[in-house]
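The structure under discussion appears below in the form of structure tokens.
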Amino acid sequence: MQQGTLMRKVKSKSWKKQRYFKLQEDCMTIWYQSKRTGKTESAFSISDVETVREGHQSEVLQSVAEEFPPERCFTIVFYGRRGNLDLVAGSAEEAQCWVQGLRQLIEPRSFPLTFALVCRTWIRDWFQKADKNKDGRMNFKEVQRLLKMMNVDMNEDHALRLFQDADKSESGTLEGEEFVLFYKALTQREEVLSLFQEYSEDGKKLTLLELADFLREEQLEDEGTEELAMELIDKYEPSETARARHVLSADGFLMYLCSLEGSIFNPQHRGLWQDMSQPLCHYFISSSHNTYLIEDQLRGHSSIEGYIRALKRGCRCLEVDCWDGPNGEPMVYHGHTFTSKIPFREVVSTLGKTSWGNSSSPLPSMGMSPPSSHPQRYGQSTAVQGISVLPESAARRAQGPWRHWVAQDASLSPIPQELKHKILLKGKKIGRLEDTLDGPGDEAPDVSDDDNGAEAEEERRRAKVNGGTQHGSALQKDKETLAQALSDCVIYCKNVPFRGFQEARSHSRPSEISSLSEAKARKLIRDEGNEFVRHNAWQLTRIYPSGMRTDSSNYSPQEMWNVGCQIVALNFQTAGMEMDLCDGLFSQNGCCGYVLKPSFMRDKETLFNPSDPSSREGPGPITLTIQIISGQQLPKVANSKEGAIIDPLVRVEIYGVPADQGHQETKYIENNGFNPRWDETLQFQLHVPELALIRFVVEDYDKTSRNDFVGQFTLAFANIKPGYRHIHLLSKDGTSIPPSSLFVHIRITE
């Protein structure tokens with residue numbers, strides 16, 4: 001028997017063990033065993049794998065980069081909080097065989113194949129869990145145990161009837177196709193079948209015209225419904241005979257409703273669908289806080305894995321805190337704390353390899369706090385050398401058409417479309433952007449973040465009056481502590497302190513950016529909401545969490561987005577509602593990390609104030625009606641007792657301007673997490689739908705304590721597709737939990 005492929009499993013620089021890896025015959029399971037003992041160590045399902053990374057794209061593999069070339073290395077990344085599996089193959093060809101093979105299995109070309117794989121994996125996994133004696137057969141006692149495991153509390157007589165109907169061999173056990181028959185009977189979707197028969201004249205099939213009627217009347221597809229109906233039949237009808245007759249069976253109808261086209265998320269918005277030629281300040285930008293941390297803010301672990309995970313999640317604004325290190329080597333960590341440290345060079349190397357894996361959009365702000373002590377000026381030069389390895393970096397001096405464009409009109413802001421594959425550094429800068437672009441010359445003093453900011457600003461004004469010949473104390477201080485080469489790397493995101501909206505209008509530029517704490521931002525929202533919106537129409541604003549959030553908790557980003565703040569930095573390592581909102585907003589537009597703000601937030605003279613919805617220009621409020629119909633195969637609560645079955649309820653939460661905030665929930669269904677039916681209608685009025693996010697949450701009801709989280713899905717209102725739709729649920733940390741879903745009916749009226 002073939003033992004499998006011999007590879008090294010790497011856990012650290014000193015822990016490298018040889019293991020045999022083999023893909024099982026079902027093409028869905030991989031096991032590995034020790035070369036020395038022959039004992040199987042572990043096995044995992046293909047459905048557990050999120051992605052495969054090539055080369056040294058993990059902290060562990062980077063630590064052994066000198067020992068093993070990148071073409072032999074790859075990392076298997078799992079969903080959820082399971083650790084990565086870092087492997088070194090015997091040859092580059094062997095590594096490619098595994099990488100390409102795994103990608104083919106986890107990234108099939110069509111959703112129907114994905115759906116079929118999920119169902120097949122789901123059936124196989126449950127069969128193996130319930131088959132206690134591992135004889136490949138399942139008796140009725142094992143079936144009863146299976147139902148408990150699957151969140152089903154079924155009448156014993158009904159369960160026995162399903163069992164006997166599926167036992168075609170009358171052997172008293174189920175095996176192979178008999179178990180598949182049992183599973184299909186168990187998962188019969190009466191609510192979908194009823195909908196199917198409502199449009200089917202004979203109750204057995206939908207003709208091309210009947211399907212077109214359904215798409216037009218229920219799914220509100222207003223163009224080319226017959227062409228769309230033909231596409232759906234060709235794509236989702238499993239029977240070749242039915243496809244040839246241009247009809248859709250009940251199985252094909254269910255496949256369509258469970259597909260991307262049947263999802264609540266508008267499939268046309270999954271790709272890049274927004275205008276990317278607007279100024280940078282006209283976009284919300286996915287942003288992280290202290291990206292290098294993967295735990296708390298005081299003693300947590302700093303890791304390049306934090307950058308890799310954030311980038312894979314669509315983040316486009318990263319934070320790199322550089323501090324003095326040994327031998328002039330800058331280190332990245334949370335200053336004045338006990339967090340671990342990583343060399344700056346490793347961070348830059350990682351960013352150079354992974355920044356554009358998911359998106360070609362620019363990293364508008366790799367925020368850097370440079371080494372600042374006077375003896376560490378050499379460290380700053382080292383940092384500049386590190387930055388120089390970044391491909392296509394806009395951290396260097398602007399050249400070509402960009403140099404000419406900005407020099408012509410410094411009042412303009414850079415455009416994402418023109419900065420693809422570029423990194424923009426955010427940091428302190430000596431002098432102005434024009435000085436960098438035009439070369440050496442007179443410089444106006446910079447406004448630094450020190451306590452002498454007011455005096456520095458006054459000297460800046462004097463310098464301007466005197467033709468730029470006088471230099472302020474702030475500029476002098478920056479020249480003493482900031483290397484010119486590092487200053488020159490900062491082009492379009494120069495850090496400036498915020499001293500009020502009037503001051504910014506008079507003296508700031510679009511190429512500058514201010515950072516505000518969440519508390520400061522809330523005060524401005526409360527006191528000067530409209531001014532804040534106007535400010536963000538022409539200049540970037542970054543919001544960061546309170547220093548009191550040492551546990552890496554998050555604030556709600558929605559209130560910051562309500563006034564147009566572009567860079568709302570969150571702790572990506574902390575799961576919860578706040579990160580659900582972030583993922584929900586940025587799951588659109590090709591997951592590029594940029595979302596265009598509504599038109600009334602891009603006008604510098606706008607009257608909009610989130611506290612007064614009537615200030616928004618445009619149509620009046622709309623009504624969102626959501627019928628929660630049913631749920632399918634909901635997961636059990638983590639760490640629940642054996643045999644426990646959930647009592648699920650659904651809560652719909654609206655996040656947006658204060659007038660739109662709210663939530664409603666269904667009743668709970670007792671002891672049924674497998675196929676609960678609610679058939680309840682919830683209704684919401686939205687005054688500013690352009691800013692609204694909708695969060696669907698499933699919880700396990702508990703009358704004596706807080707409800708337990710089961711699953712969620714969040715999306716922007718703009719991405720909702722009306723009609724009969726499935727909502728494919730995500731776990732607490734934002735990963736998929738197939739085949740768990742909700743079935744709903746959506747209507748939007750003015």
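Residue numbering for the sequence shown follows the UniProt record's numbering, starting at 1 and increasing by one per position. We treat Cβ as the ideally placed atom computed from N, Cα and C, and that holds for glycine.
| Item | Value |
| --- | --- |
| Between Asn-719 and the rest of its own chain, which residues show a CB-CB distance below 6 Å, the 5 nearest in sequence each way excluded? | Phe-265, Asn-266, His-269 and Gln-588 |
| Looking at the secondary structure, which residues open and close the beta strand (DSSP E) in which His-158 lies? | Segment 156–166 is the alpha helix (DSSP H) holding His-158; no beta strand (DSSP E) there. |
| Within 10 angstroms of its Cβ, does residue 753 collect 16 or more other Cβ (buried), or is it exposed? | Given that the chain is displayed from residue 1 to residue 750, the structure contains no residue 753 and the question cannot be resolved. |
| What does a CB cutoff of less than 8 Å around Thr-550 pick up in its chain, not counting 5 residues either side in sequence? | Asp-296, Gln-297 and Leu-298 |
| In or out: Ser-741 buried (at least 16 other Cβ within 10 Å) or exposed? | buried |
| Could you please give the first and the last residue of the uninterrupted alpha helix (DSSP H) stretch that includes residue 754? | The displayed coordinates of the chain run from 1 to 750. Any statement about residue 754 would go beyond what the structure contains. |
| Over what stretch of residues does the alpha helix (DSSP H) that includes Trp-323 continue unbroken? | Segment 317–323 is the beta strand (DSSP E) holding Trp-323; no alpha helix (DSSP H) there. |
| For Asp-700 and Glu-223, what's the separation of their Cα atoms in angstroms? | 41 Å |
| DSSP three-state label for Trp-678, please. | strand |
| If I follow the unbroken alpha helix (DSSP H) through Met-7, where does it start and stop? | Taken as a continuous stretch (DSSP letters only), Met-7 belongs to no alpha helix (DSSP H), being part of the beta strand (DSSP E) at 5–10. |
| Taking 8 Å as the threshold, find out whether the stretch 573–590 comes into contact with the stretch 535–547 through three or more Cβ pairs. | no |
| Tell me which same chain residues have a C-beta within less than 7 Å of the C-beta of Ser-249, skipping the five on either side of it? | Lys-205, Glu-237, Ser-239 and Ala-242 |
| Output needed for Gly-83: all residues of its chain with C-beta closer than 7 Å, excluding positions within five of it in sequence on either side, in chain order. | none |
| When the Cβ atoms of the stretch 300–317 are set against those of the stretch 20–34, are three or more pairs found closer than 8 Å? | no |
| Can you tell which of Ile-513, Phe-338 and Arg-36 has the C-alpha that lies nearest to the C-alpha of Met-7? | Arg-36 |
| Would you report the Cα separation of Asn-554 and Val-697, rounded to the nearest angstrom? | 19 Å |
| Measure from the alpha carbon of Ile-294 to the alpha carbon of each residue in Ile-727, Trp-98, Asp-647 and Leu-570, then state which is nearest. | Leu-570 |
| Expressed to the nearest angstrom, what Euclidean distance is found between the alpha-carbon atoms of Arg-747 and Tyr-724? | 9 Å |
| How many whole angstroms separate the CB atoms of Val-490 and Gly-529, which I take to be in contact at a CB cut-off of 8 Å? | About 30 Å separates the two Cβ atoms, so there is no contact after all. |
| What's the C-alpha gap between Ile-669 and Arg-677? | 7 Å |
| Rounded to whole angstroms, what is the Cα-Cα separation between Leu-585 and Ser-286? | 9 Å |
| Which residues mark the beginning and the end of the alpha helix (DSSP H) in which Glu-177 is found? | 177–186 |
| Using DSSP with H/G/I as helix, E/B as strand and the rest coil, what is Val-652? | strand |
| Excluding the 5 residues flanking Pro-689 on each side, which residues of the same chain have their C-beta closer than 6 Å to its C-beta? | Ile-622 and Phe-717 |
| Would the stretch 700–716 and the stretch 250–261 be scored as touching if the rule is three or more Cβ pairs under 8 Å? | no |
| State the DSSP-derived secondary structure class of Trp-98, mapped to helix, strand or coil. | helix |
| Taking three-plus beta-carbon pairs below 8 Å as touching, is the stretch 519–535 in contact with the stretch 606–615? | yes |
| What is the DSSP secondary structure of Pro-738, counted as helix, strand or coil? | strand |
| Select from Ser-556, His-745 and Leu-102 the residue whose C-alpha is nearest the C-alpha of Lys-721. | His-745 |
| For the beta strand (DSSP E) that Trp-31 lies in, which residues bound it at each end? | 29–34 |
| Give the straight-line distance between the Cα atoms of His-507 and Arg-499, rounded to the nearest whole angstrom. | 10 Å |
| Taking the alpha helix (DSSP H) that Thr-704 falls in, what are its first and last residues? | Premise fails: Thr-704 is in no alpha helix (DSSP H) and is neither H nor E. |
| Let me check understanding here. Comparing Cα to Cα, which of Asn-139, Ala-65, Gln-100 and Arg-72 lies closest to Thr-51? | Gln-100 |
| Among Asp-251, Phe-44, Glu-93 and Val-568, whose alpha-carbon lies nearest the alpha-carbon of Asn-290? | Val-568 |
| With a cut-off of 8 Å on the beta carbons, I'd call Asp-213 and Ala-185 a contact; round off their distance for me. | In fact, because the Cβ distance is near 30 Å, the residues do not count as touching under 8 Å. |
| With Gly-584 as the anchor, note down where its alpha helix (DSSP H) starts and where it stops. | 577–586 |
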